[in-house]
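Colleague: Below is a structure I'd like to ask you about.
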Amino acid sequence: MPEWWTYSAEDFLLFSPRAYWRLIERHNEALWPAQLLTLLLGIAILWLLLRPRPWSHRAVAGSLAVLWAWVAWSFLWERYATINWAAVYIAPLFALQAVLLASVGGRLRWSFGRSMRGMVGLGLFLHALVLHPLTGVLMGRPMRGAEVFGITPDPTAIATVGLVLLAAGRCWWLLLVIPLGWCLAGWLTLYGMGAAESWILLAAAGAGAALSVLPVARRPGSE
Amino acid sequence: MGLGTWITFNVGDDDELRDECAAVMDAFFRAGGGMIDSSPMYGSSQPVIGYGLRKLGQPKSLFSADKVWISSGSRGPSQIEESRSLWGVPRFDLLQVHNLLSWEEHLQTLSAMKAAGQLRYVGITTSEGRRHDLLETIMASRPLDFVQLTYNIVDREVEDRILPLAADRGIGVIVNRPFQQGVLLRRLAGQPLPRLGRGHRRLQLGAGRPEIHHLPSRRHGGHTGDQPGRACAGEHGRDERDRCPTPR
């Protein structure tokens, strides 16, 4: 693209805020009550992080893999691509993240440990699960437009960044690349729309990138 | 005045918003509008235009303007055919090379289509002041019917060379971003309407606002012919420039 430095975030925005938020609302209406199931799955993941079992690590990674594949198909491919042609190129990356979670993630130890990295990781996950769906309401949008973990990409990516900060093992960082990339892309999109919650995505990406260099605190007996 | 579809018509398969776009098109045609402009880059804008045209019964005053926007010259014809199918029109009135992307290959395609009677007019586009040197080169050397560019009360670079060249070559000018995508209108929100008219040579819009110097003191009636944008091409003096804004 020639003269790329002359473009701003707004130049890449293909749709109006109204079209975008209505898309989220229509997606929620089409999938209801799947939101309850993904929230329950999130609570189960939280429980397994705090009370890990020998089998729970694969369960956490497998659950996340299913959710990323689900969001890739149901939201990006089927829904978001109708107003953003770039979504058809992003959906395969989400599918790749699902494969990485199932393969690399299945060999990691997913558990909460008391450390800066652990606390922030847990905080990001709890935000994605509980607070993020409410940000739209705080911004004056209806509850039916809530962005829910496992249903739309933003909370799913924030939750994954948080969870990967809690993971230990070989090549864990591979699982951070695509969620961080989505957080940055999501920040640009929402920033272009003038949405204040864009900064949540940037903060999540910044926290994930900064804290990923710190060591993971292991729970005694977690490995 | 034309009807641009960047962002505003990209509403996907949302029935409610599609009906709103069709209502805008209906009001546009009822008010005497003709030219609708789109691009494959604009997401679902093309099928939404097609939806509106079907709903309105293919208004006869339509002047269909679209673009070819693909880096591969050989894939231009298939993209154009897909665009035509999405609009649901027998042929386009105007096809433009979007943002000068692969312009040499696409101009060959468009010229061949025009020669074969599959297209009425050929054009090229740019926006926000980009690549004006190349735009000028193409305008001077190729047979073009239209150029599309950014021109508004703040962005006036084209006055120096591009508009005079268009007039010399008989090239129609389509103006995009006439209000900088609404920015100029938002700047003026809440301000009282100015007293415009003969003798007003300077308008102070307020602290931190742009100043408009040499406000037009006389207005001629421009000719429009059968081609949208010709009002700018024939007479490009300052008095005429605000007569042909067309969203991109």
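Going line by line, the protein sequences match chains F and B.
For what it's worth, this note's numbering labels the leading residue of the first sequence as 1, then goes sequentially.
For what it's worth, this note's numbering labels the leading residue of the second sequence as 1001, then goes sequentially.
C-beta atoms are modelled at their ideal positions from N, C-alpha and C, and glycine is treated no differently.
(1) Using 8 Å for Cβ pairs, my map puts V177/F next to W110/F. What's the rounded Cβ distance?
(2) Taking a cut of 9 Å between CB atoms, which residues from the stretch 103–136 of chain F lie near chain B?
(3) Using the Cβ count rule (16 or more neighbours within 10 Å means buried), how would you classify L138/F?
(4) Given a cut-off of 9 Å, decide if G208/F and V161/F are closer than it, judged by their beta-carbon atoms.
(5) Take every Cβ of the stretch 29–47 of chain F, pair it with every Cβ of the stretch 92–101 of chain F, and state whether three or more of those distances are shorter than 8 Å.
(6) Can you give me, in chain order, the residues of the stretch 1032–1044 of chain B that have a beta carbon less than 9 Å from any beta carbon in chain F?
(7) So F15/F contacts chain B; which residues on that side make the cut at Cβ distance below 7 Å?
(8) According to the Cβ coordinates, are R79/F and L13/F closer than 9 Å?
(9) Helix, strand or coil for L1053/B, going by three-state DSSP, please let me know.
(10) For chain F, check one thing: does any of its Cβ atoms lie closer than 9 Å to the Cβ of D1014/B?
(11) Name the one or two DSSP bridge partners that Y1121/B has.
(12) Just to confirm my understanding: we take L1251/B, look at its own chain, exclude 5 residues before and 5 after, and list those with CB closer than 7 Å. What are they?
(13) DSSP on T152/F, reduced to helix/strand/coil?
(14) Can L124/F and A159/F be called in contact, C-beta distance under 9 Å?
(15) Please report the distance separating the alpha-carbon of E10/F from that of A205/F.
(16) Output the boundary residues of the beta strand (DSSP E) element that contains S1064/B.
(17) Within 9 Å of any Cβ in chain F, is that where the Cβ of L1017/B sits?
(18) Alpha carbons only, please: which of E1020/B, S1071/B, S1044/B is nearest the one belonging to L1056/B?
(19) Going by DSSP, name the residue or residues bridged to R141/F.
(20) Rounded C-beta distance between V1175/B and L1149/B? I'm assuming under 8 Å.
(21) Around the C-beta of V213/F, are 16 or more other C-beta atoms found within 10 angstroms, so that it is buried, or is it exposed?
(22) If G121/F and L165/F are in contact, beta carbons under 8 Å, what's the gap, nearest whole angstrom?
(23) In three-state terms, what does DSSP make of D1133/B?
(24) Would you call the stretch 1059–1071 of chain B in contact with the stretch 1089–1100 of chain B, where contact means no fewer than 3 C-beta pairs closer than 8 Å?
(25) State yes or no: is the beta carbon of Q1181/B nearer than 9 Å to at least one beta carbon in chain F?
(26) Check the Cβ-Cβ distances between E1105/B and every residue of chain F, and say whether any is below 9 Å.
(27) From this set, Y191/F, R170/F, G150/F, W68/F, which residue's C-alpha is nearest L37/F's C-alpha?
(28) Please classify G140/F as buried or exposed, where buried requires at least 16 neighbouring CB atoms within 10 angstroms.
(29) Is there at least one Cβ from chain F nearer than 9 Å to E1128/B's Cβ?
(30) 9 Å is my cut-off, CB to CB: does W47/F come that close to chain B?
(31) Could you name the residues that DSSP lists as bridge partners for N84/F?
Modeller: Taking the definition as stated:
(1) V177/F to W110/F, Cβ: 18 Å. No contact.
(2) none
(3) exposed
(4) yes
(5) no
(6) P1040, M1041, Y1042, G1043, S1044
(7) I1007, N1010, G1043
(8) no
(9) helix
(10) yes
(11) L1094/B
(12) Nothing about residue 1251/B can be reported from this structure: the residues present for chain B run from 1001 to 1248 only.
(13) coil
(14) yes
(15) 20 Å
(16) 1063–1068
(17) yes
(18) E1020/B
(19) None, per the DSSP bridge assignment.
(20) 7 Å
(21) exposed
(22) 3 Å
(23) helix
(24) yes
(25) yes
(26) no
(27) G150/F
(28) exposed
(29) yes
(30) no
(31) Bridge partners of N84/F: none, in fact.
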